[in-house]
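Below is one structure, written out as structure tokens; comments come after it.
Take a look at the structure:
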């Protein structure tokens, strides 16, 4: 079955610390994966997609087919990064349960 | 410059009383989606329209139906809401549903309460 797993419900770090939000997937084909972000009182919005290999707001994510992972990373967290982050598998429109990132001053 | 609009933002309905949630878009996208998101859970796709072609997810209850009268509007009808249907309902659009890449644009959601 197609599945996206985000093992951490909450990740709490201090400003300036590195951040890694974990995402693992289960999909038999070649996956297309996205990260969505939802800031407080705002709508879900696309953060980045694996295929474009971009860095958005300092975040990057690399697809690791061997480990079936698509972890989201940022070397130095900022307070404005505090939000809910969802990993999603495009082909089946399946979302993970999300990780709340809390960056404290 | 809202692109995906959902009305109302908050809806309270009584157990068993039909309710309709509305979504409109200014993006002229071909595809419109409805997701259900319960507290602390992932958004779950209920169905989507590709133009006028309706695609229901296998596990979407019959109680949930949808209409898309034109490109801009899509409605979610819950025929007989139960307490378990209380959730946030998200509408999303995308230009296409195949090819790579495409992204979904989400509305702010409608929070449904069933009393």
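Protein chains in written order, with the working numbering: chain A, 542 to 646; chain B, 1150 to 1264. Each residue gets a CB set at the ideal place from its N, CA and C atoms; glycine is no exception.
Examine chain B for any beta-carbon lying closer than 7 angstroms to the beta-carbon of residue 589(A), and answer yes or no.
-> Answer no: the Cβ-Cβ gap between residue 589(A) and chain B never drops below 7 angstroms.
Selection of the stretch 619-640 of chain A by Cβ proximity to chain D, strictly under 8 angstroms | As a matter of chain content, chain D is missing from the structure shown, whose protein chains are A and B.
For residue 608(A), which of helix, strand or coil comes out of DSSP?
-> Taken through DSSP and simplified to helix, strand or coil, residue 608(A) comes out as coil.
Report all residues from its chain with a CB closer than 6 angstroms to the CB of residue 561(A); omit the five preceding and five following residues, and keep chain order.
-> Correct list, in chain order: 612, 614.
Neighbourhood of residue 1249(B) by C-beta, 7 angstroms cutoff - its chain only, sequence neighbours within 5 removed = With a pLDDT of only 49 at residue 1249(B), under the threshold of 50, the placement of this residue in the model should not be trusted; the figure read from the coordinates follows. Around residue 1249(B): no qualifying Cβ.
Give a yes or no on whether the C-beta atoms belonging to residue 1215(B) and residue 1165(B) are separated by under 7 angstroms.
-> Taking 7 angstroms as the Cβ cut-off, residue 1215(B) and residue 1165(B) do not qualify as a contacting pair.
CB contact check: residue 1195(B) to chain A, cutoff 7 angstroms = Closer than 7 angstroms: no.
What residues from chain A crowd round residue 1261(B), counting only those whose CB sits closer than 7 angstroms?
-> Close partners of residue 1261(B) in chain A (Cβ separation under 7 angstroms) are lacking, with about 17 angstroms as the shortest Cβ gap.
Taking the Cβ atom as the reference point for each residue, do residue 1191(B) and residue 637(A) lie within a distance shorter than 7 angstroms?
-> Cβ distance < 7 angstroms, so residue 1191(B) and residue 637(A) count as in contact.
Between residue 1197(B) and residue 1227(B), what straight-line distance do the alpha-carbon atoms span, to the nearest angstrom?
-> Going from the Cα of residue 1197(B) to the Cα of residue 1227(B) covers about 15 angstroms.
Expected contact under 8 angstroms - CB spacing of residue 1170(B) and residue 1225(B) to nearest Å = In this structure, residue 1170(B) and residue 1225(B) form a Cβ contact; the two beta carbons are roughly 4 angstroms apart against a cut-off of 8 angstroms.
Residue environment, residue 572(A), which counts as buried when at least 16 other CB atoms sit within 10 Å | Per the 10 Å Cβ criterion, buried.
So which residues of chain A does residue 1191(B) contact, with C-beta pairs closer than 9 angstroms?
-> Going along chain A in sequence order, the residues near residue 1191(B) (Cβ under 9 angstroms) are 545, 547, 627, 629, 635, 636, 637, 638, 639.
CB of residue 587(A) within 7 angstroms of CB of residue 1252(B), strictly | In this structure, residue 587(A) sits near residue 1252(B), with a CB-CB distance shorter than 7 angstroms.
Interface flag, residue 1255(B) vs chain A, CB-CB below 7 angstroms | At least one C-beta of chain A is nearer than 7 angstroms to the C-beta of residue 1255(B).
Helix, strand or coil for residue 1245(B), going by three-state DSSP, please let me know.
-> When DSSP states are grouped into helix, strand and coil, residue 1245(B) belongs to the coil group.
When the Cα of residue 574(A) is compared with those of 607(A), 593(A), 559(A), 584(A), which residue comes out closest?
-> Closest in C-alpha terms to residue 574(A), from the list 607(A), 593(A), 559(A), 584(A), comes 593(A).
Where residue 1176(B) meets chain A, residues with beta-carbon distance less than 7 angstroms | For residue 1176(B), no chain A residue has a C-beta closer than 7 angstroms to its own C-beta; the minimum C-beta separation is roughly 14 angstroms.
For residue 1173(B), count neighbouring Cβ atoms within 10 angstroms of its own Cβ and tell me buried if that reaches 16, exposed if not.
-> Counting C-beta atoms within 10 angstroms of its own C-beta, residue 1173(B) has 16 or more neighbours from the protein chains shown and is therefore classed as buried.
Write down every uninterrupted run of the beta strand (DSSP E) in the stretch 550-635 of chain A whose length is 3 residues or greater and which is fully enclosed by it, in chain order.
-> If we require 3 residues or more, the beta strand (DSSP E) runs fully inside the stretch 550-635 of chain A come out as 551-555, 560-562, 565-567, 574-579, 586-590, 613-615, 624-630.
Selected residue, minimal CA-CA separation from residue 585(A), among 1244(B), 1262(B), 1152(B) = Of the listed residues, the one whose Cα sits closest to residue 585(A) is 1152(B).
Anything in the stretch 1209-1229 of chain B with a Cβ closer than 9 angstroms to a Cβ of chain A? List those residues in chain order, please.
-> The stretch 1209-1229 of chain B vs chain A, Cβ under 9 angstroms: nothing.
Mind checking if residue 594(A) is an interface residue toward chain B, Cβ cutoff 7 angstroms exclusive?
-> Output row for residue 594(A): interface = no.
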